[in-house]
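Visitor:
There are 2 protein chains.
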Amino acid sequence: MSTRREAVRQALSGSSGFRSAQDLYADLRAEGSKIGLTTVYRALQALSDSGEVDVLRTDEGEAVYRACDTESHHHHIVCRVCATAVEIEGPTVEKWAAEMGAKHGFTGVTHTVEVFGTCASCS
Amino acid sequence: MSTRREAVRQALSGSSGFRSAQDLYADLRAEGSKIGLTTVYRALQALSDSGEVDVLRTDEGEAVYRACDTESHHHHIVCRVCATAVEIEGPTVEKWAAEMGAKHGFTGVTHTVEVFGTCASCS
DNA sequence: CATATTTTGACAACCGTTTTCGTTTTCGTG
DNA sequence: CACGAAAACGAAAACGGTTGTCAAAATATG
Ligand SMILES: [Zn+2]
Ligand SMILES: [Zn+2]
Ligand SMILES: [Zn+2]
Ligand SMILES: [Zn+2]
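First to last, the sequence lines map onto chains A and B.
Under my numbering, residues 5 to 127 are what the first sequence spells out, in order.
Under my numbering, residues 5 to 127 are what the second sequence spells out, in order.
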């Protein structure tokens with residue numbers, strides 16, 4: 005677990021929202037770090053591979069990352085303005101997705117569920 | 005409504021699954037059409053703007069399109085192998101998403117829900 | 001038929017991400 | 001501490017999907 009990867013993890017933990025690789029790179033450089041963009045991408049890749057951070061794609065196709073409190077399966081409600089996210093759980097949704105899969109003869113069923121809105125302080 | 009846009013719409017309707025712009029371009033060229041890739045992108049843009057086709061992003065960030073039977077709000081269960089998709093509705097999920105938004109003080113709440121799996125014929 | 005408008009497609013530019021590769025840092029061992 | 005192997009690093013180039021540019025072609029208008 006290298007120092008650089010730790011720096012990226014911390015930069016990410018410092019925010020409650022989803023951030024892109026370039027956001028984090030800018031943050032770290034602004035703090036005086038000499039980290040390279042490549043390393044930020046590599047760190048994020050490793051962190052998401054190990055399940056330590058969540059990834060999702062914006063409508064524009066950019067990958068954004070978040071250091072969530074729990075590593076167990078969950079979803080998010082994300083502010084469209086400031087990207088702040090709240091972790092949410094949905095037993096209802098979990099069951100529904102599984103049922104839908106079975107009903108249509110699909111196996112190995114997974115799902116992606118994200119909720120978007122404008123948070124209280126951005127309203 | 006130009007001829008080319010109509011050609012793209014038809015190429016898309018010919019498939020039951022989600023297809024990328026480049027997929028459709030390849031299909032059309034294979035059929036002998038002299039359409040350009042730029043035009044395919046433009047047609048898909050217009051079709052999705054007008055709500056005639058659904059768009060979603062793959063994990064790799066590629067945009068894929070589908071001509072769905074209904075233009076009203078719905079979700080999909082998508083085969084990870086052949087990209088075939090089935091339209092599904094989830095009143096349960098709709099309600100759940102709205103509740104979650106309200107509970108956390110978010111306004112203008114929307115959601116994305118997609119289910120993935122391996123379809124019967126690909127298993 | 002002449003002219004204005006729109007559509008088209010080859011090509012270049014763009015942007016986020018990955019690969020490449022030579023250098024630097026870290027780490028295990030004597 | 002010294003040394004070499006291995007891992008991490010960063011700059012720059014390559015990549016792949018998408019969008020912008022612009023002149024040519026098609027279509028509409030009078
Ligand atoms: Zn907000
Ligand atoms: Zn879930
Ligand atoms: Zn299938
Ligand atoms: Zn819905």
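All C-beta atoms in this analysis are idealised placements derived from N, C-alpha and C, irrespective of residue type, glycine included.
Bear in mind that the values here come from a model prediction, so they are computed numbers and not experimental data.
Find the residues of chain B that neighbour residue 122 (chain A), judging by a C-beta separation of less than 9 Å, and give them in chain order.
Guide: As a working note, residue 122 (chain A) is residue 118 in the first sequence. 110, 111, 112, 113, listed in chain order.
Visitor: Give a yes or no on whether 9 Å exceeds the smallest Cβ distance from residue 53 (chain A) to chain B.
Guide: For this step, residue 53 (chain A) is matched to residue 49 along the first sequence. For residue 53 (chain A), the answer is no, since every Cβ of chain B falls outside 9 Å of its Cβ.
Visitor: If residue 60 (chain B) sits next to residue 44 (chain B), beta carbons under 8 Å apart, how far is it from one beta carbon to the other, in whole angstroms?
Guide: By one-based count along the second sequence, residue 60 (chain B) stands at place 56. By one-based count along the second sequence, residue 44 (chain B) stands at place 40. No, residue 60 (chain B) and residue 44 (chain B) are not in contact; Cβ-Cβ is about 18 Å, not under 8 Å.
Visitor: What's the gap between the Cα of residue 18 (chain B) and the Cα of residue 51 (chain A)?
Guide: Residue numbering aside, residue 18 (chain B) sits at position 14 when the second sequence is read from its first letter. Residue numbering aside, residue 51 (chain A) sits at position 47 when the first sequence is read from its first letter. When rounded, the distance between both Cα atoms is 40 Å.
Visitor: If we count the other Cβ atoms within 10 Å of its Cβ and call it buried at 16 or more, is residue 118 (chain B) buried or exposed?
Guide: What you label residue 118 (chain B) is simply residue 114 of the second sequence in a count that begins at 1. The residue is buried, with at least 16 neighbouring Cβ atoms inside 10 Å.
Visitor: Going along chain A, which residues have a C-beta under 8 Å from residue 70 (chain B)?
Guide: The count along the second sequence starts at 1 and reaches residue 70 (chain B) at position 66. The contacting residues do not exist; residue 70 (chain B) stays about 16 Å from chain A at best.
Visitor: Can you give me the start and stop residues for the alpha helix (DSSP H) that residue 84 (chain A) sits inside?
Guide: Start at 1 with the first residue of the first sequence, and residue 84 (chain A) comes out as number 80. Looking at the DSSP string, residue 84 (chain A) is not in any alpha helix (DSSP H), and its letter there is neither H nor E.
Visitor: What I want to know is whether the C-beta of residue 105 (chain B) ends up closer than 8 Å to one or more non-hydrogen atoms of ligand 4.
Guide: Indexing the second sequence from 1 puts residue 105 (chain B) at position 101. Checking the Cβ of residue 105 (chain B) against ligand 4 gives no.
Visitor: Which whole-angstrom value describes the C-beta separation of residue 81 (chain A) and residue 105 (chain B), a residue pair presumed to lie in contact below a C-beta threshold of 8 Å?
Guide: Counting from 1 along the first sequence, the entry for residue 81 (chain A) is found at position 77. Counting from 1 along the second sequence, the entry for residue 105 (chain B) is found at position 101. Their Cβ separation, rounded to whole angstroms, is 6 Å, which keeps residue 81 (chain A) and residue 105 (chain B) in contact under 8 Å.
Visitor: Run the proximity test for residue 21 (chain B): is its beta-carbon closer than 8 Å to any non-hydrogen atom belonging to ligand 2?
Guide: Taking the first residue of the second sequence as 1, we reach residue 21 (chain B) at position 17. It does not: the Cβ of residue 21 (chain B) is nowhere closer than 8 Å to a heavy atom of ligand 2.
Visitor: In chain B, what lies closer than 7 Å to residue 119 (chain A) by C-beta?
Guide: As a working note, residue 119 (chain A) is residue 115 in the first sequence. Those within 7 Å of residue 119 (chain A) in chain B are 101, 104, 105, 113, 115.
Visitor: Per the contact definition of three or more C-beta pairs closer than 8 Å, is the stretch 118 to 127 of chain B in contact with the stretch 91 to 105 of chain A?
Guide: Verdict: yes, contact present.
Visitor: For residue 25 (chain A), would you say it is in contact with chain B, using Cβ-to-Cβ distances shorter than 9 Å as the test?
Guide: In the first sequence, counting from the first residue as 1, residue 25 (chain A) sits at position 21. No, its Cβ sits nowhere closer than 9 Å to a Cβ of chain B.
Visitor: How would you list, in chain order, the residues of chain A whose beta-carbon sits under 8 Å from the beta-carbon of residue 61 (chain B)?
Guide: Translated into the one-based positions of the second sequence, residue 61 (chain B) becomes position 57. What residue 61 (chain B) touches in chain A: 61, 63, 65.
Visitor: Distance, Cα to Cα, residue 62 (chain B) vs residue 87 (chain B)?
Guide: If you number the second sequence from 1, residue 62 (chain B) lands on position 58. If you number the second sequence from 1, residue 87 (chain B) lands on position 83. Taking the straight line joining both Cα atoms gives about 10 Å.
Visitor: Are there 16 or more other CB atoms within 10 angstroms of the CB of residue 85 (chain A), so buried, or fewer, so exposed?
Guide: Within the first sequence, numbered from 1, the residue matching residue 85 (chain A) stands at position 81. Label assigned to residue 85 (chain A): exposed.
Visitor: Our contact map puts residue 25 (chain A) next to residue 71 (chain A) with C-beta atoms below 8 Å; I'd like the distance itself, whole angstroms only.
Guide: Locating residue 25 (chain A) in the first sequence gives position 21, where the first residue counts as 1. Locating residue 71 (chain A) in the first sequence gives position 67, where the first residue counts as 1. At roughly 14 Å, the Cβ-Cβ gap does not stay under 8 Å, so residue 25 (chain A) and residue 71 (chain A) are not in contact.
Visitor: Are there any heavy atoms of ligand 2 lying less than 8 Å away from the beta-carbon of residue 115 (chain B), as far as the coordinates show?
Guide: Position 111 of the second sequence holds residue 115 (chain B). Residue 115 (chain B): no, Cβ never under 8 Å from ligand 2.
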